[in-house]
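Numbering (this note's numbering), first residue to last: 68 to 727.
To start, the structure itself, in structure tokens.
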Amino acid sequence: MTRPGVAEWLRTPRPEAEPGVWRFGHRPRPEEEPEPVPARRLFAGALIALLSGWLLWSLLWNGYLGRYWIWPLLVLTPDSWRSDPSLWAFASYTYYALVGGGLLVFFARIGHVPEIWRRYARRSAQRPAAPPPPKRDADPAAWPELRAAGLAEAAGRLAEATRAGTLGDVDYARIRRAWQGVHARPERLAAFTDAVRTQGPAACAHPSGVRDLPVRAATHDLATAQVRIGTVADDTRNPYARRTTGLALEPALLGTSLLAVGPSGSGKSVRLVRPVVESLCLLALANRAAVVAVTEYGSGLAPDDAFDLVIGVGRPESTHDLDLYGGAEDPDEAARTLAEALVGDLAADSRRAATALAQLIGPYQCVHGAFPAVPELRDLLAGAPAAVGALRSALEKSGAPGAAAQLRELDARERQSARGDDVGLLLAERVAFLDRPVFADFFRTDSGGRAFSLRAVEHPLRVRIDLPERGHAEASRIVARLVLAQFTEAALTRKDRSLFACLVLDDATRTVTADSVRAIQRLRSANAGVLLALRTLEDVPEPLRDPLLGAVGCRMAFAGVAPWDGGRFAETWGTEWVQTRDVTDRQIVSDEPFTKALHLMRRLATGKAATAQAITVREVERPRWSASDLSHGLPAGHAVLSLTTVHGEHTPPLLVNLRV
């Protein structure tokens, strides 16, 4: 994809606009549609007006209306000019030209000739003109903010790199981010200046040293952190000011989280998830974001070299494992997230499950200094006598601080395991999905593997987690819920929230839980968000479907959604007041012979009886989008999208063409 030079890219205007508007080169449209005049009536009126003007001019010129119209010429010219044929001819034809021109302008305006010019002639003749180069003190390519701060040498180095084309858009966004950090912490000024002076456009690099993605599939504007995903359709159901404008997503929108629902093949992955992941990867290279993308192995969401880390769950070539406990050191915290992953999709009480897990992993950590691996955890949850007895014996002999309290926890677990409704057996059954040979070397808790923890979202990382969907569907769902629970926990508890953190679930089937819905609502205040893609809302437990739609700020329904899904979106988007026109035709009946004859002739000529129309205009309340419209009225490659920013600004649902 061809991209403009960085200098030209920086100089392109980006006016302030409503949420979701692609601001790069945006030209605001009028808020309301001007009253349209049909082309046939427009040209007919112009022709009639010009003919009327020509007729009036002919009558004046030939004297049929008298010669009174030339008295201004006689008044304004001296008598001596009439004796000079050349002067009188010049004055006469000048006066005739002024009068004729005035008549032409008058009748042209009556006939709406200027409207014809604007609508057809000027529109076809217009060519985009290159904007004049900005002054140096206002040229963003000259880095005026650095010059204003007295860093003329650094600004000159970057301006030279911008003109030469060695500074890319990612470099610009990254260095701008570093300069903002200098404003927040002035002690970094010396290091920033030295880095720019010595490294130029490579200064303040991403930890990987990479300065751009190898391939881009979408259109990005890193100056505004936007990625374009489509164009608002020129449809009457869209506000006039938004029609034909580009539609883009950015962290300010993703920070309220986005739910996308559509059947397979509707474009969720290709038209939405892939551009968003690519944008977040670019922002991560600019040290502005951290992204974790969860997808099925082999889905082709993005190439491996677009990420710093690719974790293939259960694959031997994966360089990293996934930390089963999310890097937690507190047994209660680790038990809470693990219980969410194991039984969060069931009707079982996750709090009881978390308590049962804490009663086992706490004593295990007290003895071994680490949490149990999957096989040990399965045996303990199942109440295997050998495993529980060995843990009790080791705990009694350890003499470690808190061993007595952990013994009481273990005693409580043994008492609860004797009950018929104990949650331990259910947890053991769920852990068994992870205790398979393919995962034997993956969820390790010793020092033998390199475990990745979601707590790393405090750094500008690009991570992709590939799930083993084929043959291990239930294990994939458990891992997806585990990642979602650990991400929300890490995002909400991180100290540095200057980076935007985003989790992208390409398939969120059976991933949403009651706790995750509550956590998603809190993410917008932590500069974080999630993108959830679903084939249908039926993949979410019935009690959580409406709360999920209410928890996210951005909602997207793709073409082909099921009617019951369309109904929930329609209910969420609500109603609006619209003006309707009811037209009633009634036949005209006359008793006069002449009028009857005219009506008869019209009926013979047109085949229709003479009628009169009665128009009633009223305001009614109707759904913004009905379930039928969403299910059957969306063209292929389109979606209806509503947006909300982290600051509370929102847009009505918009019909978007995702192919342009």
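From the three backbone atoms N, C-alpha and C, an ideal C-beta is built for every residue, glycine too.
Segment limits, alpha helix (DSSP H) that includes residue i
{"i": "P342", "result": "341–352"}
{"i": "R283", "result": "Here R283 belongs to no alpha helix (DSSP H), and DSSP marks it neither H nor E."}
{"i": "I177", "result": "152–177"}
{"i": "T555", "result": "540–560"}
{"i": "T404", "result": "398–410"}
{"i": "G450", "result": "No alpha helix (DSSP H) holds G450; DSSP gives it neither H nor E."}
{"i": "L413", "result": "Element bounds for L413: n/a, residue is neither H nor E."}
{"i": "A219", "result": "219–231"}
Proximity winner among the options, relative to residue i (alpha-carbon distances)
{"i": "T404", "options": "L154, S385, L424, D388", "result": "L424"}
{"i": "T651", "options": "D582, W644, V490, I682", "result": "I682"}
{"i": "A706", "options": "T647, A547, P318, D696", "result": "D696"}
{"i": "M623", "options": "W692, P253, A272", "result": "W692"}
{"i": "D372", "options": "E212, L326, S275, A215", "result": "S275"}
{"i": "S159", "options": "F173, T144, C569, V340", "result": "T144"}
{"i": "R78", "options": "I587, D236, P370", "result": "D236"}
{"i": "L534", "options": "F554, L572, S520", "result": "L572"}
{"i": "A479", "options": "T422, F500, T512", "result": "T422"}
{"i": "A677", "options": "Q588, D513, A395, I655", "result": "I655"}
Straight-line Cα distance separating residue j from residue i
{"i": "I137", "j": "I115", "result": "26 Å"}
{"i": "W76", "j": "L289", "result": "10 Å"}
{"i": "D238", "j": "P268", "result": "6 Å"}
{"i": "T718", "j": "R309", "result": "10 Å"}
{"i": "G167", "j": "A74", "result": "52 Å"}
{"i": "E536", "j": "A547", "result": "11 Å"}
{"i": "V597", "j": "D399", "result": "25 Å"}
{"i": "P97", "j": "Y307", "result": "7 Å"}
{"i": "H250", "j": "K562", "result": "19 Å"}
{"i": "A420", "j": "L213", "result": "56 Å"}
{"i": "L140", "j": "A175", "result": "24 Å"}
{"i": "L234", "j": "Q426", "result": "56 Å"}
{"i": "L722", "j": "T647", "result": "21 Å"}
{"i": "F438", "j": "A485", "result": "24 Å"}
{"i": "F173", "j": "G120", "result": "8 Å"}
{"i": "A467", "j": "V359", "result": "38 Å"}
{"i": "P86", "j": "E638", "result": "22 Å"}
Collapsed DSSP secondary structure at residue i in the structure displayed
{"i": "R691", "result": "coil"}
{"i": "M68", "result": "Note that M68 has pLDDT 46, beneath the 50 cutoff, so the model's placement of it is unreliable and no number is given."}
{"i": "W644", "result": "strand"}
{"i": "A196", "result": "In this prediction, A196 has a pLDDT of 48, which is less than 50 and means its spatial position is unreliable; nothing more can be read from the coordinates."}
{"i": "S709", "result": "strand"}
{"i": "C271", "result": "coil"}
{"i": "F519", "result": "strand"}
{"i": "L534", "result": "strand"}
{"i": "D658", "result": "coil"}
{"i": "P82", "result": "coil"}
{"i": "E363", "result": "strand"}
{"i": "V248", "result": "Here residue 248 is Gly; the residue named in the question, Val, does not match the sequence. Residue state, collapsed to three classes: helix."}
{"i": "T651", "result": "strand"}
{"i": "A679", "result": "strand"}
{"i": "H435", "result": "helix"}
{"i": "G466", "result": "coil"}
{"i": "E98", "result": "coil"}
{"i": "H717", "result": "strand"}
{"i": "R418", "result": "helix"}
{"i": "E182", "result": "helix"}
{"i": "R511", "result": "coil"}
{"i": "E638", "result": "helix"}
Run of the beta strand (DSSP E) containing residue i, from where it starts to where it stops
{"i": "A327", "result": "325–328"}
{"i": "F625", "result": "621–625"}
{"i": "L391", "result": "Unbroken run through L391: none, as it is neither H nor E."}
{"i": "F567", "result": "567–572"}
{"i": "A214", "result": "Looking at the sequence shown, residue 214 is not Ala but Arg. From DSSP, R214 is part of no beta strand (DSSP E) but of the alpha helix (DSSP H) over 211–215."}
{"i": "L721", "result": "721–724"}
{"i": "T298", "result": "293–299"}
{"i": "A600", "result": "595–601"}
{"i": "I137", "result": "Element bounds for I137: n/a, residue is neither H nor E."}
{"i": "G379", "result": "376–379"}
{"i": "L114", "result": "Here L114 belongs to no beta strand (DSSP E); instead the alpha helix (DSSP H) covers 106–128."}
Residue-chain proximity (residue i, chain C), Cβ-Cβ < 9 Å
{"i": "W128", "result": "Absence of chain C from the displayed structure is noted, only one protein chain being present."}
Quick test of the definition: if touching needs 3 or more C-beta pairs under 8 Å, does the segment 352–372 touch the segment 492–499?
no
Taking three-plus beta-carbon pairs below 8 Å as touching, is the segment 365–375 in contact with the segment 331–351?
yes
Measuring CB atoms only, is the segment 496–511 touching the segment 378–395, in the sense that at least three cross pairs come out at less than 8 Å?
yes
Three CB pairs or more closer than 8 Å across the segment 295–304 and the segment 312–326
yes
Assess contact between the segment 459–473 and the segment 520–527, defined as three or more Cβ pairs (one per stretch) separated by less than 8 Å. Is contact present?
No, they do not touch.
Are three or more beta carbon pairs between the segment 222–236 and the segment 82–95 nearer than 8 Å?
No: fewer than three Cβ pairs fall under 8 Å.
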